Amino acid sequence: MLAHERFGSGETLVLVHGIGHRRQAWYPVAEQLAEHREVVLFDLPGHGESPALVTNGRPIKEVLQEQLIEFFGELGIDRPHIAGNSLGGRIALEAAADGLVSSATALAPAGFWRDDRDFAYIRAHFAVLMTAARVTAPFAPSLATSAVARRAMLASIMRYGDRLEAERVLGDLGSMVAARKALRTIIRSGFPFDAEIAADVPVTIAWGTKDRVLLPYQAARARQQLPHAEHVWLPGSGHVPMSDDVDRVVDVLLRGSSHGLRASVADVA
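Residue numbers (UniProt numbering): 1 to 269.
Here you go:
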């Protein structure tokens with residue numbers, strides 16, 4: 001079984017982290033969410049504490065879909081709400097298209113780049129991240145004690161990395177290095193999102209205005225491709241917005257899994 005945590009009460013909300021990350025990415029918002037939802041956090045295959053990602057030559061989408069269906073079955077949950085960030089956002093949208101969930105909320109979902117050149121930028125960004133994590137590993141424990149250094153180390157994926165404690169930052173960096181094989185396999189298989197989502201499955205897409213990984217122009221492409229979804233901005237947030245703006249992200253996730261957003265959130269879209 002995939003490594004996971006399950007807590008809180010209410011309708012089930014499954015949270016899916018991004019590529020190279022781990023379930024702890026959701027910790028900044030999990031406690032508030034658990035006051036209103038049963039929260040399920042898990043590590044994707046090849047990430048965190050989960051077993052390795054094994055494709056045996058099969059398409060990544062097919063493998064991840066199969067893993068998600070199996071995971072839902074093992075937990076005894078049927079058509080939960082789902083939310084994800086980056087790759088996790090793409091997985092959430094694919095799950096909505098496959099009719100596996102009651103609603104989907106995607107924070108900067110992968111799959112809305114413009115062309116091969118844009119995708120090359122994304123691949124290069126993660127290659128630099130991986131190299132930096134590996135090269136700085138011997139010095140990371142001392143660097144992480146400094147809030148300024150933590151912010152600098154995480155600057156490409158979030159604006160306020162200094163808000164994370166040193167132990168979390170070190171764990172995230174170590175997890176990224178350990179996930180390098182899965183990361184390469186997934187990125188090599190990347191292709192634009194092109195699935196259709198039934199109109200009766202509520203979808204919310206939110207994008208940080210300071211995203212340096214999946215650049216904010218992609219939000220317009222998502223809006224064009226999924227016109228019936230709720231589209232909102234996360235002002236001032238980076239690619240991993242859960243630490244950058246806890247209250248707004250909690251609000252978006254709760255309202256996305258309540259089949260709607262209030263005007264005060266939607267008015268920045």
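Backbone N, C-alpha and C fix where the C-beta goes; we use that ideal spot for every residue, glycine too. For clarity, every value in this text was computed on a predicted model and none was experimentally measured.
So, for residue i: in the same chain, excluding its five sequence neighbours on each side, which residues have a beta-carbon less than 6 Å away from its beta-carbon?
i: V249; result: V29, P241, M242
i: S175; result: R22, G48
i: A222; result: F112, I205
i: Q32; result: V250
Please determine, among the options, the residue with the shortest C-alpha to C-alpha distance to residue i.
i: A166; options: E74, S156, S142; result: S142
i: A178; options: I19, A104, Q224, R223; result: I19
i: H17; options: K210, S189, N85, T131; result: N85
i: G99; options: F126, L75, I69, F119; result: I69
i: R212; options: R159, D251, P227; result: R159
i: V14; options: G161, E49, V252, I77; result: I77
i: L75; options: F42, R58, L93; result: F42
i: H231; options: P202, E38, M153; result: P202
i: R163; options: R150, S156, L170, G171; result: R150
i: A147; options: D245, Y217, R168; result: R168
i: P80; options: V101, T145, Q224; result: V101
i: D115; options: P227, Q218, D244; result: Q218
i: A124; options: R188, T145, V54, A229; result: R188
i: R184; options: T55, V40, Y27, A25; result: T55
Quick check on the DSSP output: the beta strand (DSSP E) that includes residue i runs from which residue to which?
i: G8; result: 4–8
i: G84; result: 81–85
i: G208; result: 203–208
i: L41; result: 38–42
i: V148; result: Not the beta strand (DSSP E): V148 falls in the alpha helix (DSSP H), residues 147–153.
i: L226; result: That residue, L226, is in no beta strand (DSSP E); it is neither H nor E in DSSP.
i: L53; result: That residue, L53, is in no beta strand (DSSP E); it is neither H nor E in DSSP.
i: V14; result: 12–16
Take residue i and list the residues in its own chain whose beta-carbon comes closer than 7 Å to its own, dropping the five residues that flank it on each side.
i: Y121; result: none
i: A263; result: At A263 the pLDDT is 42, less than 50, meaning the model places this residue with poor confidence and gives no usable figure here.
i: A108; result: N85, S86, G89, W207, G208, D211, L214, H239
i: F119; result: W113, G190
Quick one: residues in its chain with C-beta nearer than 8 Å to the C-beta of residue i, no 5 flanking neighbours on either side, listed in chain order?
i: A52; result: P45, G46, K181, A182
Over what stretch of residues does the alpha helix (DSSP H) that includes residue i continue unbroken?
i: E74; result: 60–75
i: S175; result: 166–178
i: T131; result: 116–136
i: L100; result: Premise fails: L100 is in no alpha helix (DSSP H) and is neither H nor E.
i: L253; result: 246–256
i: L214; result: Taken as a continuous stretch (DSSP letters only), L214 belongs to no alpha helix (DSSP H), as it is neither H nor E.
i: E31; result: 27–33
i: L143; result: 140–143
Contact defined as beta carbons within less than 8 Å: I believe residue i pairs with residue j. What is the distance between those atoms, to the nearest angstrom?
i: I60; j: I186; result: 6 Å
i: I87; j: A110; result: This sequence places Leu at residue 87; Ile is not what is there. Confirmed, about 5 Å.
i: I197; j: A133; result: With 8 Å as the limit, I197 and A133 do not qualify as a contact, their Cβ atoms being about 34 Å apart.
i: E66; j: A195; result: With a Cβ gap of about 16 Å, E66 and A195 do not count as contacting.
i: H36; j: L254; result: 6 Å
i: A83; j: S50; result: With 8 Å as the limit, A83 and S50 do not qualify as a contact, their Cβ atoms being about 18 Å apart.
i: S257; j: E11; result: 7 Å
Verify the CB distance criterion: does residue i have a CB-CB separation below 9 Å to chain B?
i: V135; result: Annotation note: the requested chain B is absent from the structure, which comprises a single protein chain.
TODO: Would you be able to state if there are at least three C-beta pairs under 8 Å between the segment 227–239 and the segment 135–144?
DONE: At 8 Å Cβ cutoff, the stretches do not touch.
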